[in-house]
Structure formats: structure tokens, C-alpha cells
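In the working numbering, the protein residues as written are 844 to 1099. Each residue gets a CB set at the ideal place from its N, CA and C atoms; glycine is no exception. Structure first, then comments.
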Amino acid sequence: MTVTVCFDALGTCFTLEKVIQAVDDKFGEKLAKIGFGAKGFVMDWFHSCQRDYTYLSLISPPPPPIANLLKTSFPIHLSSTLNVSPPSLPPLGPITELLSSLVPSPTLKDAFSHLHPHAKLVIVTNGTKSTTEGYASQAGIGSMVERVISCDDVGLAKPHKEVYEAANEVCAQLELEQGGDTRAERWFVAAHLWDLAAAKKAGFKTALVINDIPATALHSQDEHLGDWYKLYGGRPDLVGGSLLELAQGITLHLQQ
């Protein structure tokens, strides 16, 4: 059986931890005075850019590279939060430059190493292809990644169906290289239910990583997450507290 596992990049394989730490070092005290933490601020900024990237994809595709949105909006978002004018802020380049070297999520390399003997591994990202390849190389997984599919090349942002169609096309190519196995299986792994809802609609089996809930509590709380899953078309095929847990779940599924 030919198995392909597609991974989301931003927020799933790679994290903003270095950016959060840099913001905390530079602006942590000021943010705390107005009731913000560095992580809350960074995630709010990042998610607003993800939203606008998708909106621009709807309004006038192709959207600009998401890195442009992130870097351009950062001083505006920060000045709005701190209630100061952008010119009064110190140089922000040392912070925004960290976007080119995001750190791997916990257990990323272990997950890829576990899957690599059994599956073809692909990354599907809203980010730029070359930057994502750099993340993968820095994380020590570059040699295990068969392809990187960038929304820049598709011309539309996730969750447009064309992105998942492009992923399916790459999966089909990889299956053909393995002799066109008719028993092929395709998985999509992400930390965002909306991403998995679109992948499921495109025919993928889905795996959700939830790393903000302690692993020991995740499955005991599963019944309380039911209403959340329903909003996105149902519970993913796998849910885990780490990428390695999902990787192990995928290989266990293949053995059944």
C-alpha cells in the first residue's frame, strides 16, 4: 500500500516560539500593563494575518505572500495594542526576521522519522516554498520531505479547495512512482480543524494535533470536544496531543 501523509506547516510543524520570546523580551512589561501576554499578542496578530490572507485570496487572487502581510502588519498591530504611533516604536526587524527561522513543533522530527519508512511525506503550506524548505532543513527533516506545496504556487489560500486538489495531485504522482497502487491511502495532519474539514472534503483521512491541552487530559475530555468537532464536520479520524502520537496512530491504523 502506498501511503501519503500531508502536513500543514504554520502552527502544526513549525511554531512561533522564538517570535513570542522576542516580543516578551522587548515588550513583555508594556503588554502586561494592559493585560496582554506576549503569546496572546503574537497569536492574535498571526491569526489576523491568516484571516486577511484568506480574505485577500477571496477578493483578488492571488494574495500577496503571507510573510509580507505578517511583516507589514506587525508594527500596526503592535502600535494599536500599545496605543502608540508606529514611528515611536523601536526597530522591529530583529523580531520579524525570526519569521524566516521558525522552530519545529515538539516531536516533529520523531514523528517524521517514525512515518518515513512507511509513507511519503508532504508539507502543504500558506507560506512560501523556499522558506518552508528552510524550516524543514533546520528541523532536520528536509531529507524526509518529498514535496512542499505552497499556496503561492496554487494562487489561492487554504482552505480553497484548489489547494487540497493540488495536494491530491501530488499524492497521485507519488503513488504512480510506486507503481500506481490502487490501495493507496492519503492523510492530512494539522492543528486547525478548519484545515482538516477542507482536507476531509477532498477525500483525505484526517489527524488533529491539540498541543494546548495536556496530553494526559486530552482523551478524557474528548466527549466535551464533541460539539466543537460537529461544527467542522465531525471528529477527525485521529486526535492526539503530539505529532509523534498521531504518527504512531497512523502506522497502527495501517496495520489493521
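- prompt: Should the segment 977-988 be called in touch with the segment 922-942, which here means at least 3 C-beta pairs below 8 angstroms?
  reply: In this structure the segment 977-988 does not lie against the segment 922-942, because fewer than three pairs of beta carbons, one per stretch, are closer than 8 angstroms.
message: Please list the terminal residues of the continuous alpha helix (DSSP H) segment that includes ALA1027.
response: Premise fails: ALA1027 is in no alpha helix (DSSP H) and is neither H nor E.
query: Would you call the segment 1041-1060 and the segment 1080-1089 touching, i.e. three or more CB-CB distances under 8 angstroms?
result: Cβ pair count under 8 angstroms is three or more, so yes.
- prompt: What is the C-beta distance between ALA865 and LEU874, in whole angstroms, given that I count them as a contact (C-beta under 8 angstroms)?
  reply: By a beta-carbon distance limit of 8 angstroms, ALA865 does not contact LEU874. Their separation comes to about 13 angstroms.
task: Select from THR858, ALA1010, LEU1019 and GLY1076 the residue whose C-alpha is nearest the C-alpha of TRP1037.
output: Of the candidates THR858, ALA1010, LEU1019 and GLY1076, the one whose C-alpha sits nearest the C-alpha of TRP1037 is GLY1076.
query: Does the segment 946-963 touch the segment 1085-1095, meaning 3 or more C-beta pairs lie closer than 8 angstroms?
result: Taking a cut-off of 8 angstroms for Cβ pairs, the segment 1085-1095 and the segment 946-963 touch, as three or more such pairs fall below it.
query: Tell me the DSSP bridge mates of VAL967?
result: Under the DSSP definition of a beta bridge, VAL967 partners with ASP851 and ILE992.
task: Inspect the CB distances between the segment 885-897 and the segment 1009-1025 and report whether three or more fall short of 8 angstroms.
output: The segment 885-897 vs the segment 1009-1025: no contact.
query: Between the C-alpha atoms of PRO907 and LEU1017, what's the straight-line distance to the nearest angstrom?
result: Linking PRO907 to LEU1017 through their CA atoms gives a straight-line distance of about 29 angstroms.
- request: Put THR950 into one of helix, strand or coil per three-state DSSP.
  value: In the structure shown, THR950 sits in coil (DSSP, three-state: anything other than H, G, I, E or B).
Closest Cα partner of LYS952 within the set ALA979, PRO934, GLU1008 and SER931: Answer by Cα proximity: ALA979.
message: Quick check on this structure: which residue in THR950, PRO949 and ILE919 has the alpha carbon closest to the alpha carbon of LEU1107?
response: Absent from the structure is residue 1107, since the part of the chain shown begins at 844 and ends at 1099.
C-alpha distance - THR855 paired with PHE1031, whole-angstrom precision: Whole-angstrom Cα-Cα distance: 11 angstroms.
query: Helix or strand or just coil, what does DSSP make of LEU941?
result: Three-state DSSP puts LEU941 in a helix.
- prompt: What separation, rounded to the nearest whole angstrom, lies between the Cα atoms of PRO937 and PHE889?
  reply: So the two alpha carbons sit approximately 17 angstroms from each other.
- request: Could you tell me the boundaries of the alpha helix (DSSP H) in which VAL885 lies?
  value: Counting along the chain, the alpha helix (DSSP H) containing VAL885 begins and ends at 881-902.
Whole-Å CB distance - GLY970 paired with LEU853, under 8 angstroms assumed: Between LEU853 and GLY970 the Cβ distance is about 6 angstroms, and since that is below 8 angstroms, they are a contact.
Distance CB(ALA954)-CB(LEU1068) smaller than 7 angstroms: Their beta carbons are not under 7 angstroms apart, which means ALA954 does not touch LEU1068 by this criterion.
field: Continuous alpha helix (DSSP H) stretch holding GLY1083: start and end
entry: Where GLY1083 is concerned, there is no enclosing alpha helix (DSSP H), although the beta strand (DSSP E) it sits in stretches over 1081-1083.
- prompt: Cα separation between PRO905 and ALA1042?
  reply: Those two C-alpha atoms are separated by around 21 angstroms.
- prompt: Since HIS1035 contacts ASP851 with CB under 8 angstroms, what's their CB separation in whole angstroms?
  reply: 7 angstroms between Cβ atoms; contact.
query: Start and end of the alpha helix (DSSP H) containing ALA1009?
result: Bounds of the alpha helix (DSSP H) holding ALA1009 are 1004-1020.
query: For GLU860, which residues from the same chain have a beta carbon less than 7 angstroms from its beta carbon, with the 5 sequence-adjacent residues on both sides left out?
result: A distance below 7 angstroms between beta-carbons, with the five flanking residues on each side excluded, links GLU860 to the following residues of its chain, in chain order: VAL946.
- request: Could you check if ASP995 is buried or exposed, using at least 16 other CB atoms within 10 Å of its CB as the buried criterion?
  value: It counts as buried.
- prompt: Relative to the C-alpha of THR974, which residue among GLU1005, ILE992 and ARG1029 is closest?
  reply: When only C-alpha atoms are compared, the closest one is ILE992.
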